[in-house]
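Novice: First residue of the sequence shown: 1, per full-length UniProt numbering; consecutive thereafter. Handing you this structure, nothing more for now.
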Amino acid sequence: MSVKPLPVPPLEETLQRMLSAVEPLVDGAALERTRRDAEAFRTGEGPRLQAALEEFARAEDAEGRSWLSREWLDGYLSVRTPLPLTTNVGFQITGDFGAPGLGRAAELVYRAAWVHLRQVRGETPQEVDPRGNDVSMSQWECLTGGVRHPRAERDEIRRPERAASSGSAEAAEEIGVIHRGRLYALTISTRDRQPLPLRTVAAGLRAVVERDEPRETELPFGALSYLGSETAAPLLEKLTSNEDNAEIYDRISRMVFLVNVVGARAEVVEHLERCAFEVGQAWAYKPITYEVCLEDPWLAMHVEHSTVDGATILAVAGAMQDVTIPDEAALPDAPQPAAITWELEPQLRDELVARVAQYRTEAALLGVHRVFVPRLHRAELPFRISDDAAQQFIMLLAQLATYGTARGVYEAVDMREFQAGRTECLRPVTPQATEFARALLTGEATEELFTEALDAHRGWVKACKNARGVDRHLLGLAMMARKTGELSEFFDSPGIAAMRHDFLSTTSIGGPDPIVRYAFAPTTPEGFGVTYTTHTDGYEFCVNYRRDSSEDLEAFAHNLTVSAETFWGFVKGLAG
Numbered sequence: 001m002s003v004k005p006l007p008v009p010p011l012e013e014t015l016q017r018m019l020s021a022v023e024p025l026v027d028g029a030a031l032e033r034t035r036r037d038a039e040a041f042r043t044g045e046g047p048r049l050q051a052a053l054e055e056f057a058r059a060e061d062a063e064g065r066s067w068l069s070r071e072w073l074d075g076y077l078s079v080r081t082p083l084p085l086t087t088n089v090g091f092q093i094t095g096d097f098g099a100p101g102l103g104r105a106a107e108l109v110y111r112a113a114w115v116h117l118r119q120v121r122g123e124t125p126q127e128v129d130p131r132g133n134d135v136s137m138s139q140w141e142c143l144t145g146g147v148r149h150p151r152a153e154r155d156e157i158r159r160p161e162r163a164a165s166s167g168s169a170e171a172a173e174e175i176g177v178i179h180r181g182r183l184y185a186l187t188i189s190t191r192d193r194q195p196l197p198l199r200t201v202a203a204g205l206r207a208v209v210e211r212d213e214p215r216e217t218e219l220p221f222g223a224l225s226y227l228g229s230e231t232a233a234p235l236l237e238k239l240t241s242n243e244d245n246a247e248i249y250d251r252i253s254r255m256v257f258l259v260n261v262v263g264a265r266a267e268v269v270e271h272l273e274r275c276a277f278e279v280g281q282a283w284a285y286k287p288i289t290y291e292v293c294l295e296d297p298w299l300a301m302h303v304e305h306s307t308v309d310g311a312t313i314l315a316v317a318g319a320m321q322d323v324t325i326p327d328e329a330a331l332p333d334a335p336q337p338a339a340i341t342w343e344l345e346p347q348l349r350d351e352l353v354a355r356v357a358q359y360r361t362e363a364a365l366l367g368v369h370r371v372f373v374p375r376l377h378r379a380e381l382p383f384r385i386s387d388d389a390a391q392q393f394i395m396l397l398a399q400l401a402t403y404g405t406a407r408g409v410y411e412a413v414d415m416r417e418f419q420a421g422r423t424e425c426l427r428p429v430t431p432q433a434t435e436f437a438r439a440l441l442t443g444e445a446t447e448e449l450f451t452e453a454l455d456a457h458r459g460w461v462k463a464c465k466n467a468r469g470v471d472r473h474l475l476g477l478a479m480m481a482r483k484t485g486e487l488s489e490f491f492d493s494p495g496i497a498a499m500r501h502d503f504l505s506t507t508s509i510g511g512p513d514p515i516v517r518y519a520f521a522p523t524t525p526e527g528f529g530v531t532y533t534t535h536t537d538g539y540e541f542c543v544n545y546r547r548d549s550s551e552d553l554e555a556f557a558h559n560l561t562v563s564a565e566t567f568w569g570f571v572k573g574l575a576g
């Protein structure tokens, strides 16, 4: 693997780009205050913190990390609130795996096992980006299993220890199968960590589904994992003080992945909300729990986000589609699935039931709303227009039309072409985009304003792909301020606060295959989380919202449609 070290951007460039990002979001007084703060930082403590960060970066590079690695992971592992309501993501995926039923479920599990076990064996091929560049493979490590272990102040990532010899009896791998709120351990590999035949996988799933067990609704097996770490850590400690429970927890940790087998059909939005937020659909501290419905085409992945980002999940889902399944006979002596059940003392059970009830109340406030808007075909465009820029312009127009003002927008950009790369933050609400959008709403937009907005968006994309964004650099400088004890008021600037307050937290992985759409909790109480997807005939905006506090979902969703019509009407006018 040949990937570049993550560079530290030039200080002055970051400050200028930060001021540009702040400008559309604040009034004149706050902007002037931020400019003064930036200048004082540039001529004061900024260069010293920059030098410290550059020195730290060199040391981290030598260890195979980046200057961002540990701080970024700490940010995730320090989250104390329930992960499905904060950072976990539910991804709907595609796959031509046959008609709904056990055969399709078995094919999903086999394909997932093939991809995961390849990583366990250390045989995953080098991934490259669309330009042919090697990307960091560090995120693929989550496919080996393990668990995020909740602790009182900061969680820890625990990867399974495996037998050194592939011939060892310990080498056969297991997955966990969730069905009707219960968990079953199912052997998924041979001793040399190759997937068991598809027919054997199907027989194992059939044995689970045909068990006449009542549904566990009050306290599903994975219930504890839906509690925030501050709550979950002491409860897990109590639970695993029982030796049998400790062995169960260790067994879950070693499982390569989990799969939730859903019995009842549902609408897509209902499936998506359940996958992302409903208690018991996953072990929420496990890297990946797959989901398959036996009665409709639903396929999904519930992902714990601390060590893996969407671009890697996209690659995993794509790799599953590429698996060729051999026609093999079922094994005559395959192990049967084993039911796994916690031994709960009455007091602990009562406490868990109460905590889970609180979680369900919070989760019920989260929802998903889909908006599909038409788009012009490429042949109708006057010149090349980036789909990403077009979708961000539509969201900005909808903001202005709904609320009369623009607020901070976060767009994630894949950074895996750098060593231990994660994501950078693109700030799409530029002064140029805002000027163009306001002019468009008043009927005064020009081709020149549009071109300037496109150029500004393109400039941000290039900056982020070259590791010269703003947010991560500011995070690194603030980290150095803490490490060196040279605290700075600059990081409390009102402009920076406005920029980082993400009214819209947005992300896209391009088209609808192999990931269709996904659900996650908004990052601000009043805001929305938006995933946007390009289709041949339009764009889908999947708007995640809070029922109690997101500002005027109905109007914002309506204005996404109106804004798309306005935007494409303007573009069509340019084409003549």
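Glycine included, each C-beta is placed from N, C-alpha and C at the ideal position. These figures come from a predicted structure and were not determined experimentally.
So, using beta-carbon positions, are S505 and G529 closer together than 7 Å?
Specialist: yes
Novice: Between P5 and R65, what straight-line distance do the alpha-carbon atoms span, to the nearest angstrom?
Specialist: 8 Å
Novice: My output table needs one value for V571: the three-state DSSP class, helix, strand or coil.
Specialist: helix
Novice: In the DSSP assignment, the beta strand (DSSP E) including V120 goes from what residue to what residue?
Specialist: No beta strand (DSSP E) contains V120, which is instead part of the alpha helix (DSSP H) from 102-120.
Novice: Cα-Cα, which of P428, F393, D244 is closest to V413?
Specialist: For the residues P428, F393, D244, the minimum Cα distance to V413 belongs to P428.
Novice: Check S165 in the structure and name its three-state DSSP category.
Specialist: Since pLDDT at S165 reaches only 45, below the 50 mark, its modelled position is unreliable, and the value read off the structure follows with that caveat. Coil.
Novice: Does DSSP put G90 in a helix, a strand or coil?
Specialist: Note: G90 maps to strand in three-state DSSP.
Novice: Note down, in chain order, each residue of its chain lying with its Cβ closer than 7 Å to the Cβ of T81, except the 5 sequence neighbours on either side.
Specialist: G228
Novice: Would you check whether the ligand GDP has a heavy atom nearer than 6 Å to the C-beta of F41?
Specialist: Looking at this structure, you won't find the ligand GDP or any other ligand, since it has none at all.
Novice: Where F97 and V303 are concerned, what is the direct C-alpha to C-alpha distance, given to the nearest angstrom?
Specialist: If you take the alpha carbons of F97 and V303, they lie about 21 Å apart.
Novice: Could you tell me if Q399 is buried or exposed, where buried requires 16 or more neighbouring beta carbons within 10 angstroms of its beta carbon?
Specialist: buried
Novice: CB-CB under 8 Å to R111, same chain, minus the five flanking residues each way: which ones, in chain order?
Specialist: G95, F97, M320, Q321, V323, I325
Novice: Give every residue of the same chain whose Cβ lies closer than 6 Å to the Cβ of Y410, excluding the five residues on either side of it in the sequence, and list them in chain order.
Specialist: Here the set comprises C425, D502, S505.
Novice: Go ahead and pull the three-state DSSP assignment for Y290.
Specialist: Shown here, Y290 sits in a strand according to DSSP, grouped into three states.
Novice: Spell out a yes or no on whether the segment 32-43 and the segment 388-395 are touching, meaning 3 or more CB-CB pairs, one atom from each, closer than 8 Å.
Specialist: Touching, no.
Novice: Could you check if D27 is buried or exposed, using at least 16 other CB atoms within 10 Å of its CB as the buried criterion?
Specialist: Looking at its Cβ environment, which holds fewer than 16 other Cβ atoms inside 10 Å, D27 is exposed.
Novice: Just to confirm the assignment, what range does the alpha helix (DSSP H) spanning F528 have?
Specialist: Where F528 is concerned, there is no enclosing alpha helix (DSSP H), although the beta strand (DSSP E) around it starts and stops at 528-534.
Novice: So what does DSSP say about G204, is it helix, strand or coil?
Specialist: helix
Novice: Which value, in whole angstroms, describes the spacing of the CA atoms of residue 578 and R33?
Specialist: There is no way to answer for residue 578, as the model of the chain reaches only from 1 to 576.
Novice: Using only alpha-carbon positions, find the residue among T533, E210, M18, L475 that is nearest to Q336.
Specialist: E210
Novice: By the 10 Å Cβ neighbour count, where 16 or more other Cβ atoms means buried, how is Q419 classified, buried or exposed?
Specialist: Under this definition Q419 is a buried residue.
Novice: Can you look up T507 in the DSSP assignment and give me helix, strand or coil?
Specialist: Of the three classes helix, strand and coil, the one that applies to T507 here is strand, per DSSP.
Novice: Determine the burial state of L487: buried for a count of at least 16 other Cβ atoms within 10 Å of its Cβ, exposed for fewer.
Specialist: exposed
Novice: Can you list, in chain order, the stretches of the beta strand (DSSP E) that have 3 or more residues and sit fully within the segment 281-348?
Specialist: The segment 281-348 contains these whole beta strand (DSSP E) runs: 288-293, 299-303, 338-340.
Novice: Quick check: the segment 182-189 against the segment 264-279, are there 3 or more CB pairs under 8 Å?
Specialist: no
Novice: How should P197 be labelled, buried or exposed, when 16 other C-beta atoms within 10 angstroms of its C-beta is the threshold for buried?
Specialist: buried
Novice: Could you tell me the distance, in whole angstroms, from the CA atom of S168 to the CA atom of R254?
Specialist: Here S168 scores only 46 on pLDDT, less than 50, and its place in the model should not be relied on; the value that follows carries that caveat. When rounded, the distance between both Cα atoms is 16 Å.
Novice: How is P10 classed by DSSP in three states: helix, strand or coil?
Specialist: Reduced to three states, the DSSP call for P10 is coil.
Novice: Less than 8 Å between C-beta atoms, sequence neighbours within five positions excluded: which residues of the same chain meet that for L25?
Specialist: A406, R407, G408, V429, G495, A498, M499
Novice: Determine whether the beta carbon atoms of D548 and L366 lie at a separation below 7 Å.
Specialist: No, Cβ-Cβ distance for D548 and L366 is not below 7 Å.
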